[in-house]
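Engineer:
Protein chains: 2
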Amino acid sequence: MRPNVDRRPPVMADVARLAGVSHQTVSRVLNDHPNVRAETRTRVMRAIDQLGYRRNLVARALVTKHSRTLGVVSFDTTLYGPASTVYGIEQAARDAGYFVSIVSLRTIDRAGVNDAIGYLAEQGVDGIVVVAPQRSAARALDDLPAGMPAVAVEGWHQGEVSAVSVDQVEGARLAASHLLELGHETVWHISGPADWLEAEGRIEGWRAALTAAGRPIPGMLTGDWSPRSGYRAGKELAAMAGDVTAVFVANDQMALGLLRAFTEEGVKVPEQISIVGFDDIPESEFFSPPLTTIRQDFGAVGRRSIDVLLRQIESGEGLPHERLVVPPQFVLRGSTAAR
Amino acid sequence: MRPNVDRRPPVMADVARLAGVSHQTVSRVLNDHPNVRAETRTRVMRAIDQLGYRRNLVARALVTKHSRTLGVVSFDTTLYGPASTVYGIEQAARDAGYFVSIVSLRTIDRAGVNDAIGYLAEQGVDGIVVVAPQRSAARALDDLPAGMPAVAVEGWHQGEVSAVSVDQVEGARLAASHLLELGHETVWHISGPADWLEAEGRIEGWRAALTAAGRPIPGMLTGDWSPRSGYRAGKELAAMAGDVTAVFVANDQMALGLLRAFTEEGVKVPEQISIVGFDDIPESEFFSPPLTTIRQDFGAVGRRSIDVLLRQIESGEGLPHERLVVPPQFVLRGSTAAR
DNA sequence: ATCCCATTTGTTAGCGCTCACTTCGCGACT
DNA sequence: AGTCGCGAAGTGAGCGCTAACAAATGGGAT
Chain A
1 MRPNVDRRPP
11 VMADVARLAG
21 VSHQTVSRVL
31 NDHPNVRAET
41 RTRVMRAIDQ
51 LGYRRNLVAR
61 ALVTKHSRTL
71 GVVSFDTTLY
81 GPASTVYGIE
91 QAARDAGYFV
101 SIVSLRTIDR
111 AGVNDAIGYL
121 AEQGVDGIVV
131 VAPQRSAARA
141 LDDLPAGMPA
151 VAVEGWHQGE
161 VSAVSVDQVE
171 GARLAASHLL
181 ELGHETVWHI
191 SGPADWLEAE
201 GRIEGWRAAL
211 TAAGRPIPGM
221 LTGDWSPRSG
231 YRAGKELAAM
241 AGDVTAVFVA
251 NDQMALGLLR
261 AFTEEGVKVP
271 EQISIVGFDD
281 IPESEFFSPP
291 LTTIRQDFGA
301 VGRRSIDVLL
311 RQIESGEGLP
321 HERLVVPPQF
331 VLRGSTAAR
Chain B
1 MRPNVDRRPP
11 VMADVARLAG
21 VSHQTVSRVL
31 NDHPNVRAET
41 RTRVMRAIDQ
51 LGYRRNLVAR
61 ALVTKHSRTL
71 GVVSFDTTLY
81 GPASTVYGIE
91 QAARDAGYFV
101 SIVSLRTIDR
111 AGVNDAIGYL
121 AEQGVDGIVV
131 VAPQRSAARA
141 LDDLPAGMPA
151 VAVEGWHQGE
161 VSAVSVDQVE
171 GARLAASHLL
181 ELGHETVWHI
191 SGPADWLEAE
201 GRIEGWRAAL
211 TAAGRPIPGM
221 LTGDWSPRSG
231 YRAGKELAAM
241 AGDVTAVFVA
251 NDQMALGLLR
261 AFTEEGVKVP
271 EQISIVGFDD
281 IPESEFFSPP
291 LTTIRQDFGA
301 VGRRSIDVLL
311 RQIESGEGLP
321 HERLVVPPQF
331 VLRGSTAAR
């Protein structure tokens, strides 16, 4: 018969016994409690790695009521934007000593987001980040469990919860203004799908820039963020080549589709039509031509959202909700030219 | 004084009291235990949502020793490949009723991966998926905590742990063979960074195809997966234009960089040089020209890895480790032409 | 020497749940 | 009637940890 000592993982009591102290002292060592004699500490430490002991954070969470885990609800983390945001969130959380539990939704609607939040709450997360780019999803934040710290990313909707986002309106304004300054009479827009807050913000900024300059607001085409939808829009636009000289596309992927459609139709960019994208994905710089675009600092958004969330958690609720805005950045490349 | 009843979240005992049963009966209802009278069940259910009760999974995990949480260790989840794989993992895990806790590493080395695994183990995950594309990272799997179910994704290295991956060698062979069949004398290769298992597999497949056809193996350039590194390689290749007629690039992003460099240098694709990429990112279809490439089904890899992991977990260890391979798929588009 | 107080360590209870067991009630069968 | 058996419910212990308090120890001030 082999000793059953190492059959199951060692617990604090095992360490205590080996070190000749009480389990509480072991706990104190593990939690860096000041009042432990150095000699005792090293004895405990030695016992810990002699046994290969790892503390059980589940048991700890049960008594402290803090799991040091944050929940993240997101949508299609395959896309560059959400993926980068979640990455930023995860890095910032880990730097602050928190774990991240992720739920990524296939379809994003109020019920789905609610379910996800519910699971996360059961699991005992200390706070939740909802990457809620759609209006319908953002509404789910209204029925958050009472007292659950939370922050919305790209999903501000006048609710009772803090939000962090890139200033979409400003970004779009930057894009449209650039085109106008280049001497274009007006600027067309390929927007993102309806119901997306980002799409709405970009439309608003685009409109504002045109209105401010006293220019006519041309028709608007709507895509779904995919290169294919941009391609389709590009084909339509190419058909009315003479009229269109400048296009602001709501994201870089659609801009790529547009570029492809224009290439096929023999429309020269930027000679005949100038294009500005949005996002600045790593590929944009190497499109043909390299894409002028608006950079969103997704990493910063992720980090800021964790800042806000942790402040809420660590101050024990009661904080007023805040709204943080990260500025977009204009990136000039080769897809735009003077008229 | 307000009643302190709703001061802190209700627990099972509160539900039991309200429903006039014991806490154990509430537990039975929650766990779908068969021996509960229908009438009792509904009474408990009513009490549950009257109080807005949610069970505390932390307490449950403490006693069952199962958290129904899986750990994922990954590297740069900003990239399309890892992001898609993690997405597939998360979906499959959730469908099976598991949560996913993610740690994404900035730099990937043995120590980093080990730390991550350690944290996850403390946190009480039931199993771990390591997306370990680098040789050094994969080695960390050798010192996994005893008895911890685990699976490596894209990180097979002869170890004692199960692995799931796309058949890189076969994919590369497909790419090179296609080019050879088109009548090219030989095929150049822009590889991924050294130490990456995928890069090695692709080199191996490329070499194998050339060798099998009795062709000379030309020099090889090395990139770092980024479009920029592909761009640099493209400039080099363009300088020796006459010699090079076919290039197999280790991923689509670098292929984009190559395309850009060739465009700048006036090298026509596919007329002068044919290019095959690897991955089939969503953008590839809209490159100019659309990229012929090898598709990796990242979602399938994620799902399969969860299958393997759950089988290990639910059978209570003792399973032999397995090695699953997902076939790559050749995608013909416009960047290749007959010589 | 005496007392006091700060430092270090030990003891006990209990977080919210599930598991193993016990108890209860009721119909079926001798 | 008696009792066996089974479904439905309850009881108590304990998972591994931390919080709160209690106890022991050892200087300095008196």
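Keeping their order, the protein sequence lines are chains A and B. FYI, in full-length UniProt numbering the residues of the first sequence are 1 to 339. FYI, in full-length UniProt numbering the residues of the second sequence are 1 to 339. Note that beta-carbon positions come from the ideal geometry of N, C-alpha and C, so glycine has one too.
1. Below 8 Å between beta carbons: does that hold for residue 257 of chain A and residue 277 of chain A?
2. Looking at chain A, is there any beta carbon in it that lies within less than 8 Å of the beta carbon of residue 13 of chain B?
3. Chain B beta carbons: is any one of them nearer than 8 Å to that of residue 59 of chain A?
4. Please report how far the alpha carbon of residue 120 of chain B lies from the alpha carbon of residue 114 of chain B, in whole angstroms.
5. For residue 3 of chain A, I'd like the list of residues in its chain whose CB is within less than 6 Å of its CB, leaving aside the five on either flank, ordered along the chain.
6. Examine chain B for any beta-carbon lying closer than 8 Å to the beta-carbon of residue 56 of chain A, and answer yes or no.
7. Between the region 242–258 of chain A and chain B, which residues of the former have CB atoms less than 7 Å from a CB of the latter, in chain order?
8. Any chance you could list the alpha helix (DSSP H) runs of at least 4 consecutive residues sitting entirely within the region 90–161 of chain A, in chain order?
9. Report back the beta-carbon spacing between residue 123 of chain A and residue 104 of chain A to the nearest angstrom; my notes put them in contact at under 8 Å.
10. Counting contacts by CB-CB distance shorter than 8 Å, is residue 313 of chain A in contact with chain B?
11. Less than 8 Å between the C-beta atoms of residue 219 of chain B and residue 289 of chain B, yes or no?
12. Jot down the residue ranges of each uninterrupted beta strand (DSSP E) in the region 207–291 of chain B, minimum 3 residues, whole runs only, in chain order.
13. Thinking C-beta only, is residue 150 of chain B closer than 8 Å to residue 130 of chain B?
14. Using the Cβ count rule (16 or more neighbours within 10 Å means buried), how would you classify residue 1 of chain A?
15. Can you name the start and end residues of the alpha helix (DSSP H) that residue 30 of chain A belongs to?
16. Which residues bound the alpha helix (DSSP H) around residue 50 of chain B?
17. How is residue 309 of chain B classed by DSSP in three states: helix, strand or coil?
18. Does the separation of the CB atoms of residue 307 of chain B and residue 296 of chain B fall below 8 Å?
19. Mind pulling the chain B residues with CB within less than 8 Å of residue 94 of chain A?
20. For the region 213–240 of chain B, list every residue whose C-beta sits within 9 Å of some C-beta in chain A, in sequence order.
21. From residue 80 of chain B to residue 79 of chain A, what does the alpha carbon distance come to, in whole angstroms?
22. Kindly list the residues whose CB is nearer than 6 Å to the CB of residue 132 of chain B, restricted to its own chain and excluding five residues on each side of it in sequence; keep chain order.
23. Would you grab the beta carbon distance between residue 69 of chain B and residue 126 of chain B for me? Rounded to a whole angstrom, and I think it's under 8 Å.
24. For residue 321 of chain B, which three-state DSSP category applies?
25. Is the shortest distance between the beta-carbon of residue 285 of chain A and the beta-carbons of chain B less than 8 Å?
26. Is it true that the CB of residue 248 of chain B sits closer than 8 Å to the CB of residue 206 of chain B?
27. So if I threshold CB-CB distances at 8 Å, which residues from the region 282–310 of chain B count as touching chain A?
28. Nearest-angstrom Cα distance between residue 340 of chain B and residue 264 of chain A?
29. Taking Cβ positions, are residue 167 of chain B and residue 326 of chain B nearer each other than 8 Å?
30. Mind checking if residue 123 of chain B is an interface residue toward chain A, Cβ cutoff 8 Å exclusive?
31. DSSP state of residue 300 of chain A, grouped into three classes?
32. Below 6 Å CB to CB, which residues in the same chain sit around residue 260 of chain A once its five sequence neighbours on both sides are set aside?
33. Would you be able to state if there are at least three C-beta pairs under 8 Å between the region 8–27 of chain A and the region 49–60 of chain A?
34. Only counting the same chain, and skipping five residues up and downstream in sequence, which positions put a Cβ closer than 6 Å to that of residue 19 of chain A?
35. Leaving out the 5 sequence neighbours to the left and right, which residues in its chain are closer than 7 Å to residue 229 of chain B when beta-carbon positions are compared?
36. Compare the Cα-Cα distances from residue 271 of chain B to each of B/337, B/158 and B/201 and report the closest residue.
Structural biologist: Considering the structure as presented:
1. no
2. no
3. yes
4. 10 Å
5. The predicted model places residue 3 of chain A with a pLDDT of 39, which falls under 50 and marks its position as unreliable; any figure quoted below should be read in that light. Once the five neighbours on either side are set aside, residue 3 of chain A has no close Cβ partner at all.
6. yes
7. 253, 256 and 257
8. 110–122 and 135–139
9. The Cβ separation is near 15 Å, so there is no contact.
10. no
11. no
12. 220–222, 246–249 and 274–276
13. yes
14. Any reading at residue 1 of chain A needs caution, since the residue's pLDDT is 32, under 50, leaving its predicted position unreliable; the model's value is listed next. Flag for residue 1 of chain A reads exposed.
15. 23–30
16. 38–51
17. helix
18. no
19. 103
20. 226, 227, 228, 230 and 231
21. 8 Å
22. 138, 152 and 155
23. 6 Å
24. coil
25. yes
26. yes
27. 282, 283, 285, 286, 287, 288 and 290
28. Any answer about residue 340 of chain B is impossible in this case: the structure gives chain B only from 1 up to 339.
29. yes
30. yes
31. helix
32. 231
33. yes
34. 43, 44 and 47
35. 223, 254 and 257
36. B/337
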